[in-house]
Amino acid sequence: MRLICLRVALIMSQFYIVLWNTCEGRETNVFFHQEKESLLTYLTSEEKQYLEERPSFTYCVDPQWKPLEWIDSAYRHQGYIADYLALISHGLGVDFKLLPTNSWSSTLEAIKRRDCDFISAAMQTHVREPYVNFTQPYLSYAFAIAVHKDIDWNAGGSYKSKTIALVEGYSYEEKLRANYPDIKLRHVKSVREGMNLASALKVDGFVDSAMVIAYSINHDGYMNLKIAERLPEHMRLSIAVRNDDDVLLRVLNKAVQNINENEKREIQEYWETKYVTTDLVPAWVLFFSKSAIVFYGLICLIFIFSMKRKQQSKPLLTQSQGLPPPNRRVYSRSEIQEILIETNCKNNTGNYMPMLLKMDGADFLTEELSLERFFQVQKQFEMQCLDLLPDGSYIGNWLNYSYLVLIPHIHRSNLVVIAEHVRYEISYSGVKQGTRLTASVLVPKDQGYDELLAYVHSMSSCFSNYSKSKDIVLTYPIEHRPLLPEDRVVL
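Taking the numbering used here, the leading residue of the sequence shown gets 1175, the next gets one more, and so forth.
Structure, rendered in structure tokens:
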């Protein structure tokens, strides 16, 4: 049976490789490999003469706005907007030359100084009218708010006392301040900085285009963030032309208005299906996706059937209790809470003992390390905890880089020994690896609890009051007084 599973999995992996290569192998400007309709037919004689005299134009972009647009390591314009611009350049028969900048604010300063002729995409606002004019909008996207998964976000509710990050210089700040006067805004220099702040719970959320946020979550590793709300306001993007060149404005406006609809749809489908942020998906993608789901379902059924046969002669205690069998992974908060509730309902005799484990200094590490390196350290921390805990234990995310651990069939005195062992090993590894990472652990003083869920929440609240304690094992309940040396468990 295992051989069958492996063979089916091999076939499926080859299928996914072919499908992935089909999607990823497409070049950014593949839309222009065939002859397209010229946009010159829509121009007047004066405008055509203007283009003959000026065959090239300089433009600026937002350098860090993936996947809408960005500047790559070779200083090339990439992204959704880059394809639109290449379509216009091809149709007009002119050359658009990129003037690289390092931030959106720098781009706005460049157009003010007349260093470039136009900006590839910008929203029309009264603040910008003194130095640029705008074409008709050619892209429209909803605003979205990204928040940490641990935050219970009330969509459509009051934003009073909420702090939201947004990129400095972005025009939708005007709309946010006008429509949500209670909101507190914090400026950041880039999407990455805003997402980092939301990921580290330094702000309540980060606002940007829904497509941009979805891309960052899926491709930049912000798996602890979610899109909590899509705002009713839309981001309508136009080409912003320096206001001392009316002819260029007319030319680009006609180009935007007369781009072939099939070409626009081709670009839209490519980028939106590549990053899966809207419901606009081509039929062939749906067909292959559904086929993949069917095949994956068959693999799961075969695997489940095989596992059930193995377990018939060896039933697990946790299955008789209605709990999922423990495995080597860290559960999400919702999952560990469900396990906690099930444990309380099925097992009120104290067979499972709770323990709270905190990753000390996580906030400091998010600032000191790159996001990728921090996630590596966090993953190493979690894997080490899994190795140190007894078989049959459950561990899941709780709050602010803390973890709830449920250990079966153990006396409180042995729980303290395990807690001290975990604390010591993590501290030793932190020194050895140079991360200075330590762990603090909170264990109950006795086993006299009735409602396990309420008991754990009380433990969590108590743990928060001693957030400055590091590399220590504490017992709950602790008197609400300054932390004393005797509070530490010494073995």
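Cβ coordinates follow ideal geometry from the N, Cα and C atoms, glycine included. All values derive from a computational prediction rather than experimental measurement.
Three-way DSSP call (helix, strand, coil) for residue i in this model
i, result
"R1288", "coil"
"K1428", "helix"
"N1307", "strand"
"M1385", "helix"
"G1566", "coil"
"A1374", "coil"
"R1439", "helix"
"H1300", "coil"
"I1513", "helix"
"I1391", "helix"
"S1508", "helix"
"L1411", "strand"
"T1232", "strand"
"R1404", "strand"
"A1628", "helix"
"D1269", "strand"
"K1334", "coil"
"E1348", "helix"
"G1535", "coil"
"L1491", "For L1491, the predicted structure reports a pLDDT of 38, less than 50, and the residue's modelled location is therefore unreliable. The matter cannot be settled from this model."
"M1397", "coil"
"I1245", "strand"
"R1560", "The sequence as given places Leu at residue 1560; Arg does not occur at that position. Looking at L1560 - three-state DSSP - the assignment turns out to be helix."
"W1239", "strand"
"S1614", "strand"
"L1543", "coil"
"Y1254", "helix"
Sequence-distant residues of the same chain with beta carbon closer than 8 Å to residue i, five excluded per side
i, result
"E1599", "Q1558, L1562"
"G1533", "Looking at the sequence shown, residue 1533 is not Gly but Met. These residues qualify, in order along the chain: Q1552, F1555, Y1575, S1576, Y1577, L1611, A1613."
"K1644", "D1534, G1535, T1612, S1614"
Sequence-distant residues of its chain with Cβ nearer than 7 Å to residue i (five each side left out)
i, result
"N1427", "T1309, Q1310"
"G1343", "W1278, S1279, L1282"
"E1347", "L1340, L1359"
"F1548", "L1539, T1540"
"T1275", "C1234, P1237, T1281, A1284"
"V1630", "L1514, P1528, L1578"
"W1445", "P1241, Y1254"
"P1229", "V1268, D1269"
"T1232", "K1271, L1273, C1290, D1291"
"L1214", "K1222, L1266, G1267"
Residue i versus residue j - alpha carbon distance
i, j, result
"D1269", "E1226", "11 Å"
"S1277", "M1633", "45 Å"
"L1375", "Q1223", "56 Å"
"V1235", "V1341", "14 Å"
"E1594", "V1647", "6 Å"
"P1406", "V1377", "22 Å"
"N1588", "Y1526", "12 Å"
"F1637", "N1574", "11 Å"
"V1306", "R1287", "11 Å"
"K1240", "I1401", "16 Å"
"S1212", "D1419", "23 Å"
"V1617", "V1579", "10 Å"
"L1313", "S1412", "7 Å"
"S1567", "Y1650", "20 Å"
"R1410", "D1565", "55 Å"
"A1256", "I1325", "35 Å"
"A1329", "I1319", "10 Å"
"H1264", "E1443", "20 Å"
"K1336", "N1432", "43 Å"
"G1570", "P1355", "38 Å"
"R1586", "I1391", "41 Å"
"H1300", "A1352", "13 Å"
"A1628", "Y1602", "33 Å"
"L1399", "K1323", "5 Å"
"S1364", "N1436", "33 Å"
"S1506", "W1572", "8 Å"
Contacting residues, own chain, Cβ-Cβ under 6 Å from residue i (five flanking each side not counted)
i, result
"A1316", "A1384, R1404, H1408"
"H1361", "E1342"
"L1272", "H1251"
"L1560", "R1502"
"H1583", "N1525"
"I1510", "G1570, L1578"
Assumed close pair residue i, residue j - CB separation to whole angstroms, cut-off 8 Å
i, j, result
"A1295", "E1367", "The pair is not a contact, with the Cβ atoms about 20 Å apart (cut-off 8 Å)."
"A1372", "V1321", "6 Å"
"R1302", "S1345", "7 Å"
"A1429", "F1292", "That pair is no contact at about 11 Å."
"R1424", "E1221", "6 Å"
"V1381", "L1350", "7 Å"
"L1531", "V1590", "That belief does not hold up - the Cβ atoms of L1531 and V1590 are roughly 13 Å apart, past 8 Å."
"I1441", "Y1258", "6 Å"
Curious, which full-length beta strand (DSSP E) runs of at least 3 residues does the stretch 1568 to 1605 contain? 1568 to 1571, 1576 to 1582
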